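First up is the structure itself, then whatever we jot down about it.
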Amino acid sequence: MTEFVEEVRSRVVRLLRMANTTDDRLRKQIVAYADATPEPPIMGSLGIGTTGCPRCRRTMWQQRDNEGPVWVCAFCGHVESVTVICPHCAVSMEPPPAGWVDRWSCSECPRVAATGESAQEIDARERDRQRALALLDQALTSHPCTTTRPPVPGPTTRPPGPEPGPGPAPTTGPGPATEPGAGPKPGAAPGLA
Numbered sequence: 004m005t006e007f008v009e010e011v012r013s014r015v016v017r018l019l020r021m022a023n024t025t026d027d028r029l030r031k032q033i034v035a036y037a038d039a040t041p042e043p044p045i046m047g048s049l050g051i052g053t054t055g056c057p058r059c060r061r062t063m064w065q066q067r068d069n070e071g072p073v074w075v076c077a078f079c080g081h082v083e084s085v086t087v088i089c090p091h092c093a094v095s096m097e098p099p100p101a102g103w104v105d106r107w108s109c110s111e112c113p114r115v116a117a118t119g120e121s122a123q124e125i126d127a128r129e130r131d132r133q134r135a136l137a138l139l140d141q142a143l144t145s146h147p148c149t150t151t152r153p154p155v156p157g158p159t160t161r162p163p164g165p166e167p168g169p170g171p172a173p174t175t176g177p178g179p180a181t182e183p184g185a186g187p188k189p190g191a192a193p194g195l196a
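Take the sequence shown: its letters are residues 4 to 196, numbered as in this note's numbering.
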């Protein structure tokens with residue numbers, strides 16, 4: 004069981020197993036390759052997220068580290084953090100949690116976005132959301148069950164009538180009901196004293 008766990012954790016072991024060779028020279032080359040190259044890119048719903056490297060103009064792919072998603076250049080190794088800017092608030096949106104869908108959220112407004120979406124796409128999604136909420140509000144207000152009508156008396160509502168009084172005053176000291184021997188006499192009829 005330990006070997007399986009180590010294999011899952013170690014990219015080097017996976018590559019050596021795929022190579023299926025006992026040649027020490029080739030195995031050393033595979034280990035050197037695994038140590039010199041980054042982990043494979045994250046697969047999203049649209050495949051591997053890529054962009055252009057600002058340094059060498061080659062391809063960068065999306066990775067995830069402890070702090071969130073990053074872009075890693077496949078050629079020069081340049082690393083940049085992935086940022087999505089809210090088109091309405093002009094602030095950096097919060098990245099999705101690790102292992103979650105590619106859904107960035109603005110901390111100042113309800114807008115959400117996916118990596119690589121344009122400002123027009125983000126605003127169109129927000130307009131669609133607002134339109135759907137307006138239709139839902141309209142449907143709820145026009146539904147017969149949500150129209151205003153008098154409350155039905157029940158456990159949470161009192162029937163119409165005068166407000167009840169404050170009730171009996173609490174006793175603060177020993178009185179006839181709290182003194183020893185007070186109470187009904189044995190054999191006496193209830194309610195007769």
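Ideal placement from N, C-alpha and C gives every residue a C-beta, glycine not left out.
Only a predicted model underlies this, so the values are computations on that prediction, with no experimental measurement involved.
The alpha helix (DSSP H) that contains Thr54, what's its start and end?
Locating residue 54 in the sequence shown gives position 51, where the first residue counts as 1. Taken as a continuous stretch (DSSP letters only), Thr54 belongs to no alpha helix (DSSP H), being part of the beta strand (DSSP E) at 53-55.
If Ala82 and Val73 are in contact, beta carbons under 8 angstroms, what's the gap, nearest whole angstrom?
On the sequence shown, position 79 is the one that residue 82 refers to. On the sequence shown, position 70 is the one that residue 73 refers to. According to the sequence as given, residue 82 is Val; it is not Ala. Indeed they touch by this definition, with Cβ atoms about 5 angstroms apart.
Would Pro90 pass as a contact of Asp131 if the rule is Cβ separation under 8 angstroms?
Counted from its first residue, the sequence shown places residue 90 at position 87. Counted from its first residue, the sequence shown places residue 131 at position 128. For Pro90 and Asp131, no; Cβs fall outside 8 angstroms.
If I measure Cβ to Cβ from Cys112 and keep anything under 7 angstroms in the same chain, skipping five residues before and after, which residues do I get?
Within the sequence shown, numbered from 1, the residue matching residue 112 stands at position 109. Correct list, in chain order: Cys89, His91, Cys92.
Distance between Gly119 and Met63 (C-alpha atoms, nearest Å):
The residue given as residue 63 occupies position 60 in the sequence shown. The residue given as residue 119 occupies position 116 in the sequence shown. The alpha-carbon atoms of Met63 and Gly119 are separated by roughly 13 angstroms.
Local conformation of Arg134 per DSSP, three classes
Residue numbering aside, residue 134 sits at position 131 when the sequence shown is read from its first letter. Helix.
Name the residue from Thr40, Ser95, Val85, Cys109 whose alpha carbon lies nearest to the alpha carbon of Ala77.
Stepping through the sequence shown from its first residue, residue 77 is reached at position 74. Here the closest residue by C-alpha is Thr40.
Element boundaries [alpha helix (DSSP H), containing Val15]:
The residue you call residue 15 lines up with position 12 of the sequence shown. Taken as a continuous stretch (DSSP letters only), the alpha helix (DSSP H) holding Val15 covers 14-22.
By the three-class DSSP mapping on this structure, what secondary structure does Glu120 have?
Locating residue 120 in the sequence shown gives position 117, where the first residue counts as 1. In the displayed model, Glu120 falls within coil according to three-state DSSP, outside both helix and strand.
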